[in-house]
Amino acid sequence: MNMITLAEEIITGRRISRQDDLNLFLTCDLKELCEGADRIRTYFIGEKVDLCSIINGRSGRCPENCKFCAQSAHNHTNCDVYDFLPEETIMEACKMNESEGVDRFSIVTAGRALTGAEFEKAIHAFKAMHEECKIDLCASMGFLSADQLHRLHEAGVTSYHHNIETSRRNFPNICTTHTYEQKIETLKLVKAEGMCACSGGNIGMGETWEDRLDMAISLSELGIDSIPINALMPIPGTPLEHLPRLTEDDILRTIAFFRYINPEANIRLAAGRALLTNDGELAFRSGASATITGNMLTTAACATIRSDKQMLQALGRDVTPDYLRNEK
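Counting from 3, one number per residue, gives the positions in the sequence shown under the working numbering.
Right under this line is the structure:
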């Protein structure tokens, strides 16, 4: 099938499911695929690009054995190790990102779940940011309960991030200390709480193209609102350190078919933007509508908030957050 025709069908209501022949996304012309993905993005998302920044609120000593992660205690990466950051540090970062015009600010913590006194510190920090700042707030704190998610929501958090990482089939090859099903259950709790559900994963971890397609379909079935796509930047000291880096064409093909399968979601560039031309310019022409900006978690960011905004504005994209737009 012509991919432009398929894009128009999606715009008029068709949705891709597991019953469809997904191999067409792997064999079609890449340029045509990306053009169609951009048409879908334009129709459903428009020109607004959602900019998200994160702060690593608690680092290292994670008991989970995710093979890609610098912060796992099972790996040997010499990453920074510290307990939950002081509220003043978090507030300072939040206000800086708001002053730069970022849409949302997230506290991300290493570990299976943020609990006890540290969770209470997070709640207090979110309440303070919600009172003093206008920027949208997000959290990524592992396997939280429904009650914890509700408390975050009440504290001003509108979005919760929890990656499924890869396909159901491939997940045990990446992590064995928790299950894919636990990931899915957490995301169902996020949706039930009425928060924006942010979930994606990593590509380039040795998975097949079919695994990537399966991840895209699974996220569609869950009704995920924001899908971060990380292109693996192999970290020394992790089991995946010797894997080859992905080509730009492979990343663009993945982003494009994620857009076809998840037409109304924000497809968000995350780690690995250094592998892309001009930090992702072509990706934003291939279906991407959002990005993490500023400093990344454990891999060096090559772009800054200001350089991202300049690049996006040159593409004709809107980078004004709602909280600034509403002031005008």
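No residue lacks a Cβ here, since even glycine has one placed at the ideal position from N, Cα and C. Keep in mind the model is a prediction, meaning the values are calculated, not measured.
Proximity winner among the options, relative to residue i (alpha-carbon distances)
i, options, result
"D213", "P174, T249 and E187", "P174"
"A25", "A273, E183, F259 and K50", "For clarity, residue 25 is Asn in the given sequence; the question names Ala instead. For N25, the nearest C-alpha among the options comes from F259."
"L8", "S169, P265 and E283", "P265"
"I137", "Q73, T160, E89 and L146", "T160"
"S201", "C64, D227, R114 and L317", "D227"
"E10", "T117, A115, L215 and Y45", "Y45"
"G59", "E49, H76, C81 and T91", "T91"
"S291", "D320, L87 and A276", "D320"
"M313", "D281, R327 and L245", "D281"
"L154", "F145, I125, E49 and Y182", "I125"
"I205", "T168, C177 and I186", "T168"
"N165", "M131, Q150 and G144", "G144"
"N77", "Y84, L87, D85 and R63", "R63"
"G15", "Q73, L284, I263 and N268", "I263"
"L87", "I6, E122, A75 and R287", "E122"
"H244", "M207, M3, A316 and S222", "M207"
"M5", "G118, C30 and Y162", "C30"
"M93", "A119, I57, Y84 and V83", "I57"
"A233", "E195, H163, I47 and G203", "G203"
"R287", "S222, C54, D23 and A316", "A316"
DSSP state of residue i mapped onto helix, strand, coil
i, result
"A292", "strand"
"C200", "strand"
"R106", "strand"
"S19", "coil"
"P323", "coil"
"L8", "helix"
"C140", "strand"
"T111", "strand"
"L271", "strand"
"D281", "helix"
"R60", "strand"
"L299", "For L299, the predicted model reports a pLDDT of 40, less than 50, meaning its position is unreliable and no value from the coordinates is stated."
"D82", "coil"
"C135", "coil"
"D31", "coil"
"S169", "coil"
"S74", "strand"
"C177", "coil"
"S147", "coil"
"K50", "strand"
"F286", "helix"
Test: residue i CB closer than 8 Å to a CB of chain B
i, result
"I231", "Annotation note: the requested chain B is absent from the structure, which comprises a single protein chain."
Cβ-Cβ separation, residue j to residue i (assumed contact under 8 Å), whole Å
i, j, result
"A272", "I307", "Contact doesn't hold; Cβ gap of about 15 Å is too wide."
"L189", "L224", "6 Å"
"R43", "R261", "6 Å"
"S101", "C81", "S101 to C81, Cβ: 28 Å. No contact."
"N268", "I13", "Rounded, the Cβ-Cβ distance is 17 Å, inconsistent with contact."
Range of the contiguous beta strand (DSSP E) that encloses residue i
i, result
"T91", "Segment E89 to S101 is the alpha helix (DSSP H) holding T91; no beta strand (DSSP E) there."
"S161", "V159 to H163"
Boundaries (first-last residue) of the alpha helix (DSSP H) holding residue i
i, result
"G208", "Element bounds for G208: n/a, residue is neither H nor E."
"I229", "That residue, I229, is in no alpha helix (DSSP H); its beta strand (DSSP E) goes S228 to A233."
"M313", "I307 to A316"
"H244", "Neither: H244 is in no alpha helix (DSSP H) and is coded neither H nor E."
"K185", "Y182 to E195"
"I237", "No alpha helix (DSSP H) contains I237, which DSSP labels as neither H nor E."
"E250", "E250 to I263"
The stretch 247-256 / the stretch 9-20 touching (three or more Cβ pairs under 8 Å): Too few Cβ pairs lie closer than 8 Å, so no.
Stretch pair the stretch 28-40 + the stretch 306-320: three plus CB contacts closer than 8 Å: Not touching, per the Cβ criterion.
Three-pair Cβ contact test at 8 Å for the stretch 67-79 versus the stretch 92-108: In short, these stretches do not touch, since the Cβ pair count stays below three.
Given 8 Å, three or more beta-carbon pairs between the stretch 86-100 and the stretch 126-133: Yes: at least three Cβ pairs fall under 8 Å.
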